[in-house]
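Novice: Below is a structure I'd like to ask you about.
Numbering (the UniProt record's numbering), first residue to last: 1 to 108.
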């Protein structure tokens with residue numbers, strides 16, 4: 001008969017929970033609006049630079065104004081931002097008692 005070693009129970013902490021969806025959407029909207037603001041500045045700058053600055057400056061601003069919307073949409077729709085996890089080491093906190101009771105009452 002083969003004896004299987006006991007696995008440690010997986011510990012979930014409140015810091016493992018992701019940010020609420022509303023905060024994530026707010027963050028992505030804010031980042032998108034900042035990017036579109038930069039695009040507007042590039043476009044207006046290209047118009048102003050067309051007659052006063054070297055041609056390469058105006059061309060660079062036009063290219064930036066054309067590329068930024070695509071990049072902004074891809075970044076904004078890229079999904080939720082990964083959240084850093086808080087370090088958790090159960091052996092580190094030996095002053096806390098473990099959960100007592102039969103295993104069937106604690107979890108699956």
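Ideal Cβ positions, reconstructed from N, Cα and C, are used throughout, including at glycine.
(1) Out of 21, 23, 20, 35, which has the shortest C-alpha to C-alpha gap to residue 123?
(2) From residue 25 to residue 39, what does the alpha carbon distance come to, in whole angstroms?
(3) Alpha helix (DSSP H) containing residue 69: first to last residue?
(4) Give the DSSP-derived three-state secondary structure of residue 33 in the structure shown.
(5) Among the candidates 78, 53, 47, 70, whose CA atom is the shortest distance from the CA of residue 62?
(6) When the Cα atoms are used, what is the spatial distance from residue 57 to residue 66?
Specialist: Short version:
(1) The question about residue 123 has no answer, for the chain in this structure spans 1 to 108.
(2) The count along the chain shown starts at 1 and reaches residue 25 at position 25. The count along the chain shown starts at 1 and reaches residue 39 at position 39. Their Cα atoms are separated by approximately 21 Å.
(3) Residue 69 sits at position 69 when you count from the first residue of the chain shown. Taken as a continuous stretch (DSSP letters only), the alpha helix (DSSP H) holding residue 69 covers 55-76.
(4) Numbered from its first residue, the chain shown carries residue 33 at position 33. If DSSP states are grouped into helix, strand and coil, residue 33 belongs with the helices.
(5) In the chain shown, residue 62 corresponds to position 62, counting from 1. The option with the nearest alpha carbon to residue 62 is 47.
(6) Translated into the one-based positions of the chain shown, residue 57 becomes position 57. Translated into the one-based positions of the chain shown, residue 66 becomes position 66. If you take the alpha carbons of residue 57 and residue 66, they lie about 14 Å apart.
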